[in-house]
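Trainee: In our numbering, the protein residues as written are -5 to 445. Where a beta carbon is used, it is the ideal one built from N, C-alpha and C, also for glycine. Shown below is the structure under consideration.
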């Protein structure tokens, strides 16, 4: 992190492009969240014998990872190249190390899951892998002791109808991809938006919300449409072949800030709402905040509070998928890697999804994925057919990668899961969840079915 002052849009652009890497140095990072529950099926609160604090403290003891604290509260753990953090209602997130092969990613995930599951089991709980808490409303959710979330809770109801749902109920799996330069970053961003409906459909795992069937495959992906349009919607830029990093920077500069990180009288970092309500990062850069100038750290923090399906920082984040059970988790970075990281595959994917064709209603295709999963269709674009072709491209990419990196058995296993799903020989996760919950099961039993 850097305290270097940032004074212009060109400084902001330069910070993003500084993330560029040579292709031989590319890695893929995986992040995922899940809900930790008690035997009654309720998400764990922060305190108590079976609480998030107890889980983190025991994990720190067993793993040797360094506690991350805010005031006197432990709010995460830092490993050598990975971290555990908490979402607003205690959703437990692993941000994994940047790795080259899917087998390396799977090994990291397996080690993490084995450790966390052992701790949670010993305390009397378990993990639930679903894109949204299917039973509760946000008002019922526990709150984690992180000041930034308190500020966001005040903000969300003013800008959309589902922001508190997003904060307290949802879980995702995410892949982070590298780029070579500014042009490559924007092509990767656009390709990510093009393929997002396919990813939503493949990994859809959130049919219930508030204890009822929404009749959707991914209600989590659907609710993002009513969170905060100013920070979630890139508009036409998302699919514009002429869009540049400068366009993304200018969009980000015009988004209001949630908060600014200051220091209190004791020198401790504290989050405070922007001095002027509604101030954008561009305003902060020009005017400062409580006498402090904007820095690169502030810009990085602000970019992390923007929520499009595909996000640009010093790498590209693919954020459109519901979280999925453990054996499925590596499939998301596998597919992201196989479709978008490889230039030849990316070109094929963009052609398949008709890059640059302004006649296609991209919003409608995304909505179809949310509602019907792989059975969704808009005009001549059928999601199951698109997914089938994407998996063919991925299979070819994985074969090419073996020539450079050797066998990658986990990638082959993940591809097989998705091929079975698309062919209809494996039941969609949203259908499994719908069947279990329609039968009257609680979240503890649902966790059994999705493990």
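Determine the direct distance from the alpha carbon of residue 163 to that of residue 38, and round the result to whole angstroms.
Mentor: 13 Å
Trainee: Mind the definition here: the segment 115 to 132 touches the segment 289 to 303 only if three or more C-beta pairs lie below 8 Å; say whether that holds.
Mentor: no
Trainee: Looking only at its own chain, which residues have a Cβ that is under 8 Å from the Cβ of residue 286, when we skip the five neighbours before and after it?
Mentor: 254, 256
Trainee: Please return the same chain residues whose Cβ sits closer than 7 Å to the Cβ of residue 27, not counting the five positions on each side in sequence.
Mentor: 81, 85, 86, 87, 165, 166, 317
Trainee: Restricting to runs no shorter than 4 residues, where is the alpha helix (DSSP H) found entirely within the segment 275 to 303?
Mentor: 275 to 281, 290 to 297
Trainee: For residue 78, which residues does DSSP report across the bridge?
Mentor: 71, 88
Trainee: Can you tell me whether residue 407 sits near the ligand FAD, meaning its C-beta is under 7 Å from at least one heavy atom of the ligand?
Mentor: This structure does not include the ligand FAD; it has no bound ligands of any sort.
Trainee: In terms of DSSP beta bridges, what is residue 164 paired with?
Mentor: 126
Trainee: On the three-state DSSP scale, how would you describe residue 59?
Mentor: Here residue 59 carries a coil assignment [DSSP, helix/strand/coil].
Trainee: Where does the unbroken beta strand (DSSP E) through residue 255 begin, and where does it stop?
Mentor: Its beta strand (DSSP E) spans residues 253 to 257.
Trainee: Taking Cβ to Cβ, would you say residue 57 is nearer than 8 Å to residue 76?
Mentor: no
Trainee: Quick check: what's the CA-CA separation for residue 202 versus residue 431?
Mentor: 8 Å
Trainee: Indicate whether the contact test is met: 3 or more Cβ pairs, each with one atom in the segment 293 to 310 and one in the segment 220 to 240, closer than 8 Å.
Mentor: Three or more Cβ pairs closer than 8 Å define a contact, and the segment 293 to 310 meets that threshold against the segment 220 to 240.
Trainee: Give the range of the alpha helix (DSSP H) segment to which residue 0 is assigned.
Mentor: Careful: residue 0 lies outside any alpha helix (DSSP H) and carries neither H nor E.
Trainee: With a threshold of 8 Å, are at least 3 pairs of Cβ atoms found where one atom belongs to the segment 166 to 182 and the other to the segment 236 to 255?
Mentor: yes
Trainee: Check this for me: beta carbons of residue 404 and residue 320, under 8 Å apart or not?
Mentor: no
Trainee: Under the rule that 16 or more other beta-carbon atoms within 10 Å means buried, what is residue 63, buried or exposed?
Mentor: Under the 10 Å beta carbon count, residue 63 is surrounded by fewer than 16 other beta carbons and is classified as exposed.
Trainee: What residues in its chain sit with their C-beta under 8 Å from that of residue 365, if we drop five residues either side in the sequence?
Mentor: 209, 210, 211, 216
Trainee: Grouping DSSP H, G and I as helix and E and B as strand, with all else coil, what is residue 24?
Mentor: strand
Trainee: From residue 439 to residue 244, what distance separates their C-alpha atoms?
Mentor: 47 Å
Trainee: Residue 264 lies in the alpha helix (DSSP H); which residues open and close that run?
Mentor: Counting along the chain, residue 264 falls outside any alpha helix (DSSP H), though it belongs to the beta strand (DSSP E) covering 263 to 267.
Trainee: Would you call residue 417 buried or exposed, if buried means 16 or more other Cβ atoms sit within 10 Å of its Cβ?
Mentor: Residue 417 counts as exposed, since fewer than 16 other C-beta atoms from the protein chains shown sit within 10 angstroms of its C-beta.
Trainee: What residues in its chain sit with their C-beta under 7 Å from that of residue 356, if we drop five residues either side in the sequence?
Mentor: 233
Trainee: For the beta strand (DSSP E) that contains residue 314, what are its first and last residues?
Mentor: 310 to 316
Trainee: Can you tell me whether DSSP reads residue 198 as helix, strand or coil?
Mentor: coil
Trainee: Helix, strand or coil for residue 436? Go by DSSP, reduced to three states.
Mentor: coil
Trainee: Contact defined as beta carbons within less than 8 Å: I believe residue 377 pairs with residue 191. What is the distance between those atoms, to the nearest angstrom?
Mentor: For a cut-off of 8 Å, the C-beta gap from residue 377 to residue 191 is around 6 Å, short enough to register as a contact.
Trainee: Taking the CB atoms as reference points, tell me whether residue 362 and residue 372 lie closer together than 8 Å.
Mentor: yes
Trainee: Quick test of your reading: residue 125 and residue 66, contact by CB under 8 Å. State the CB separation rounded to the nearest angstrom.
Mentor: The pair is not a contact, with the Cβ atoms about 33 Å apart (cut-off 8 Å).
Trainee: Could you say which of 155, 24, 409, 282 lies nearest to residue 391 if we only look at CA atoms?
Mentor: 409
Trainee: So residue 223 is in the alpha helix (DSSP H); what residue range does that whole segment cover?
Mentor: Unbroken alpha helix (DSSP H) run through residue 223: 223 to 226.
Trainee: Tell me the residue span of the alpha helix (DSSP H) that contains residue 407.
Mentor: 403 to 417
Trainee: Would you kindly check if the distance between the Cβ of residue 310 and the Cβ of residue 183 is under 8 Å?
Mentor: yes
Trainee: Taking residue 394 as part of the alpha helix (DSSP H), name the residues at either end of that continuous run.
Mentor: 377 to 399
Trainee: Evaluate residue 100 with the Cβ neighbour count: other Cβ atoms within 10 Å of its Cβ, from every protein chain shown; 16 or more gives buried, anything less gives exposed.
Mentor: So residue 100 ends up on the buried side.
Trainee: Identify every residue that forms a DSSP beta bridge with residue 169.
Mentor: 24, 312
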